[in-house]
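Numbering (the numbering used here), first residue to last: 6 to 88.
Note that CB positions come from ideal geometry on N, CA and C, so glycine has one too.
Take a look at the structure below.
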Amino acid sequence: TKPKYAVKYRSVVDLQDYRCSRDSAQSPRPKEIVVTIDLPLLRSAGDTSLEVMEKILLLESKEPAYKLELPLAYPVDENNGND
């Protein structure tokens with residue numbers, strides 16, 4: 006079963022970034038990517054396998070059977086994520 010999920014992109018905006026130039030633009034790459042996955046039938050996170058690689062997120066569980074292969078829009082640092 007493919008679970009429902011939401012992806013949010015976060016950036017930090019500082020007024021000083023726009024102070025010196027009228028045509029300054031914010032970087033198109035977000036500072037954070039937050040993925041929320043809804044697993045209503047899962048009893049424990051220990052029953053899942055989660056891998057985050059540079060361009061893809063993989064989540065899998067056997068019972069209940071969930072599987073998500075989510076391509077990421079931006080490369081991520083796979084060694085520096087948060088729970």
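For Glu65, the enclosing beta strand (DSSP E) begins and ends at Ile61 to Ser66. In the DSSP annotation of this structure, the continuous segment of the beta strand (DSSP E) that includes Lys13 starts and ends at Lys9 to Arg15. One Cα belongs to Leu77, the other to Thr53, and the distance between them is close to 20 angstroms. The alpha-carbon separation between Ile38 and Glu56 amounts to approximately 15 angstroms.
Looking at the backbone, the Cα of Arg34 and that of Tyr71 are separated by about 30 angstroms. Listed as beta-bridge partners of Thr41 by DSSP are Ala11. Ranked by how close their Cα comes to the Cα of Pro69, the residues Ala50, Lys36 and Val40 have Ala50 in first place. Nearest C-alpha to Tyr14 among Asn85, Pro8 and Lys36: Lys36.
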